[in-house]
Amino acid sequence: MLPDVKKILYASDIDKGSRPAFRAAVSLCGHYNSEITYLHIIEPLSASAKSVVETMMSEESLHEMHGEGLGNLKRKMEGRIARFCETELEENEMLSEGSILSRVEEGTPWKTILRVADDIDADVIVMGTRTHSAVGQFLLGSTANKVMQNSKRPILIVPL
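Going letter by letter, the sequence shown gives residues 0 to 159 in numbering that gives the first Met the number 0.
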């Protein structure tokens, strides 16, 4: 059994099929009356992609578009969270107002998950993992594997 859990970091790729992992985070949140930080990470553009984009628009326009994109993504996440709570939670499962915070960060996913977990002093990290072949896992690794290997915190991995 986990010790008292007050802060849960839920890391999501916001892809289809990720609801079971979010449901696990919400269940923990309800059980411990805690707070969830719903994290989505955007990987930075490669140097060559960034070069191409910079030739097409000014740095100011690029910065403005980037900010708008992050804002739109955050609103999309918050909409999904609200729809999940409205459609999937029973009345006795409803979470208290403000118990789910959303956060969008940029960086290498596994490193960013660990950094944000430290930033918020998460008691547990919840994330889903999609099934891949053993060879694929060995050659490419996965975000969940890297988080598990490098975290000092308990992690709940939910197969998707």
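From the three backbone atoms N, C-alpha and C, an ideal C-beta is built for every residue, glycine too.
Query: Test item: CB-CB of Ser-115 and Glu-104 under 8 Å; Result: For clarity, residue 115 is Val in the given sequence; the question names Ser instead. Yes, they are a contact pair.
Query: Closer than 8 Å to chain D by CB, Cys-28; Result: Judged by its chain identifiers, the structure shown contains no chain D, having just a single protein chain.
Query: Residues near Gly-68 in its chain [Cβ-Cβ closer than 6 Å; skip 5 each side]; Result: none
Query: Rounded straight-line distance, which links the Cα of Glu-96 to that of Leu-138; Result: A caution first: Leu-138 carries a pLDDT of 43, below 50, which makes its placement in the model too unreliable to give a value.
Query: With 16 other Cβ atoms within 10 Å as the buried cut-off, status of Asp-118; Result: exposed
Query: Nearest residue (CA-CA) to Leu-38, options Phe-83, Gly-29, Met-126, Ile-156; Result: Met-126
Query: Proximity winner among Arg-152, Ala-10, Asp-120, relative to Pro-108 (alpha-carbon distances); Result: Ala-10
Query: At least three beta-carbon pairs within less than 8 Å, the segment 25-37 to the segment 2-9; Result: yes
Query: Cα-Cα separation, Pro-19 to Asp-120; Result: 24 Å
Query: Whole-angstrom distance between Gly-66 and Ile-40, CA atom to CA atom; Result: 15 Å
Query: Within 8 Å, strictly: CB atoms of Ser-141 and Leu-113; Result: no
Query: N-terminal and C-terminal residue of the alpha helix (DSSP H) that Ile-119 is part of; Result: 108-119
Query: Residue closest to Leu-100, alpha-carbon to alpha-carbon, out of Pro-2, Ser-17, Ala-24, Gly-16; Result: Ala-24
Query: Gly-127 - partner residues in DSSP beta bridges; Result: Val-157
Query: Residues that DSSP places opposite Arg-22 in a beta bridge; Result: The partner list for Arg-22 (beta bridge, DSSP) is empty, contrary to what the question assumes.
Query: CB contact flag (Leu-155, Arg-129, <8 Å); Result: no
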